[in-house]
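Just so you know, we're using my numbering here: the sequence shown kicks off at 55 and counts up by one.
All residues carry an ideal CB built from backbone N, CA and C; glycine is no exception.
None of these values were measured; they are calculated from a predicted model.
Here the structure is laid out as structure tokens; the discussion comes afterwards.
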Amino acid sequence: MSTKTRFAPSPTGYLHVGGARTALFSWLHARKHGGRFVLRVEDTDLERSTQESVNAILEGMSWLGLEYDEGPFYQTQRFDRYNEVIDQLLDSDQAYRCNCSKERLEALREGQMQRKEKPRYDGHCRGKDIDPNEPHVIRFRNPQDGMVAFDDMVRGRLAFANTELDDLIIRRSDGSPTYNLTVVVDDQDMGITDVIRGDDHINNTPRQINLLHAMGATPPRYAHVPMILGDDGARLSKRHGAVSVMQYRDEGILPEALLNYLVRLGWSHEDREIFSLDEMVELFDINDVNKAASAFNTEKLHWLNQHYIKHENPDRIARLLSRHMGDLGIDPSVYPPLAEVVEAQRERARTLVELAEISAFYYRDFDSYDEKAAKKAFKAAALEPLRTVREKLVAVESWERIMLHDAISQTVEELGVGFGKVGMPLRLAVTGGSPSPDLDLTLQLIGKEACLRRIDKAIAHIEANSHE
Ligand code: GLU
């Protein structure tokens, strides 16, 4: 049977990094084996599931490029099928009705706790014949002895005694099916061969295997991937900063950087850090995933992000950057071409947000100068170099970096000063103090008109703030 994996999020929030990593591992496993990847929305919790959350999950997956071959399937649209299976289990006596009261179950639980036993249902209604018209739940008749064992692709062989598992509820008194039932029906109907999910589900797996056997189905292979921790060792949560995938986009992380970061959380190949998506598909092996939880490290994500900002095609970076320029109120479709700005600035930014901030001056004048730089460069002695270089720049007809370089050199020569005496105030005048590349390139990208205007403004600023 060809490989089929699934990602089965519950739409009760955004797509968080843990979910995204599970999705990535499932996607890679399917792609690697030439199989298929299914998206299933587990929306049976009607109170907590929302359409916004479904949209957020779809948006996150499409931003990451984790495209699915089948789905999205919605569990709320499959209630008839779940009921059909529940009826079959009832008919074959593998499930039974239970009308134990809340009070009885609470007393049972309390007694067990007092005796330091694991709280579990005692099978009170197993032999009863309860009228379907009276309020009841339906429980699965779990085998009472023997073991359930499986070879987890991450954890190795795991075995559970059936005496540890109680008769779980598969249909609530309101008629709605429960998680363990819907998952196994879906995994079977959808032909899932490999279930890759978070290890918070590990205790559900023996119950699901028993259910599958009761349905006459063959259980899939399982891989339970360890959770992601924050840098303080606690489970990753909002207080560690961004956990939503789309928040990373908003903070200027590239999808390829986040994917590369996520694949390395719990998996490695030799001592490599950089993996393109194609390389991941080729090299990833779910059997090589670590058992131990891994800690999220924002520094490393930023390091990878910087790598991709530096090395990706500048046109692609420009496309991704333009929304962040828009966030600053800048229309990057006007001069200068954003891809050229990317090439000029990208060594200096770890995120697209930073890249946008340090590139804003190419597109608009600024209100103030970097204070420290102004103290050094905007002394009265800078006036003559600025006035002279302005004259030379006015005369430049073809606004190209070679010509601009010549104009600066001529100024330096004419005044008989070091390059810094001209370069420093000129750079501050046109950039305001933002990080910038070679001065001639900086001038070229800013454009003639804006350069002259900014030099005039700087001269006026120095005149107003110093005594000649
Ligand atoms: N819907 C479950 C969750 O979001 C996942 C179920 C599964 O993968 O089996 O935790």
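Item, Value
"Reducing DSSP to helix, strand and coil, say where P231 ends up.", "strand"
"With a floor of 4 residues, list each alpha helix (DSSP H) that falls wholly inside the region 156–196, ordered by position along the chain.", "156–168"
"Cβ-heavy atom distance between S64 and the ligand GLU below 7 Å?", "yes"
"For F91, which residues does DSSP report across the bridge?", "T59"
"Please tell me whether M457 and V466 are closer than 8 Å, where the distance is taken between their beta carbons.", "no"
"Cα separation between A534 and K502?", "Here the chain has residues from 55 to 522 only, and residue 534 is not among them."
"In this structure, how does DSSP classify M207 when only helix, strand and coil are distinguished?", "coil"
"Beta carbon of H278: closer than 7 Å to some heavy atom of the ligand GLU?", "no"
"Between P63 and V299, what straight-line distance do the alpha-carbon atoms span, to the nearest angstrom?", "14 Å"
"Could you check if H87 belongs to the surroundings of the ligand GLU, using beta carbon to heavy atom distance under 7 Å?", "no"
"Do D240 and Q129 have their beta-carbon atoms positioned less than 8 Å apart in this structure?", "yes"
"Would you kindly work out how many angstroms separate the C-alpha atoms of R163 and P273, rounded to a whole number?", "31 Å"
"Whether or not the region 94–113 and the region 275–282 are in contact is what I'm after, with contact meaning three or more pairs of Cβ atoms, one per stretch, closer than 8 Å; do they touch?", "no"
"I'd like to check one pair, L337 with F329: are the Cβ atoms closer than 8 Å?", "yes"
"What do you reckon, is the C-beta of V249 under 7 Å from a heavy atom of the ligand GLU?", "yes"
"Going by CA-CA distance only, name the one from T59, A461, M55, T76 that's closest to V343.", "T76"
"Closest to G177 by C-alpha separation, out of I192, M167, R169, would be which residue?", "I192"
"Tell me which same chain residues have a C-beta within less than 7 Å of the C-beta of I250, skipping the five on either side of it?", "T59, T76, F79, S80, H83, A277, V279, I340"
"Quick check on DSSP: helix, strand or coil for V249?", "strand"
"Quick one: residues in its chain with C-beta nearer than 6 Å to the C-beta of R37, no 5 flanking neighbours on either side, listed in chain order?", "With the chain covering 55 to 522 only, the question about residue 37 has no answer from this structure."
"Expressed to the nearest angstrom, what Euclidean distance is found between the alpha-carbon atoms of D199 and E157?", "28 Å"
"If you pair each beta-carbon of the region 199–213 with each one of the region 226–235, do three or more pairs fall below 8 Å?", "no"
"Determine which residues share a DSSP beta bridge with I223 and list them.", "R193"
"Give the range of the beta strand (DSSP E) segment to which F127 is assigned.", "124–128"
"How big is the Cα-Cα spacing for V448 and R318?", "54 Å"
"Exposed or buried, what is N367 when buried is set at 16 or more other beta-carbons lying within 10 Å of its beta-carbon?", "exposed"
"How long is the line joining the alpha carbons of R370 and E397, rounded to whole angstroms?", "11 Å"
"Drop a sphere of 10 angstroms on the beta-carbon of S488, count the other beta-carbons inside from all chains shown, and report buried for 16 or more, exposed for fewer.", "buried"
"CB-CB under 7 Å to A22, same chain, minus the five flanking residues each way: which ones, in chain order?", "Residue 22 is absent from the model: the chain starts at 55 and stops at 522."
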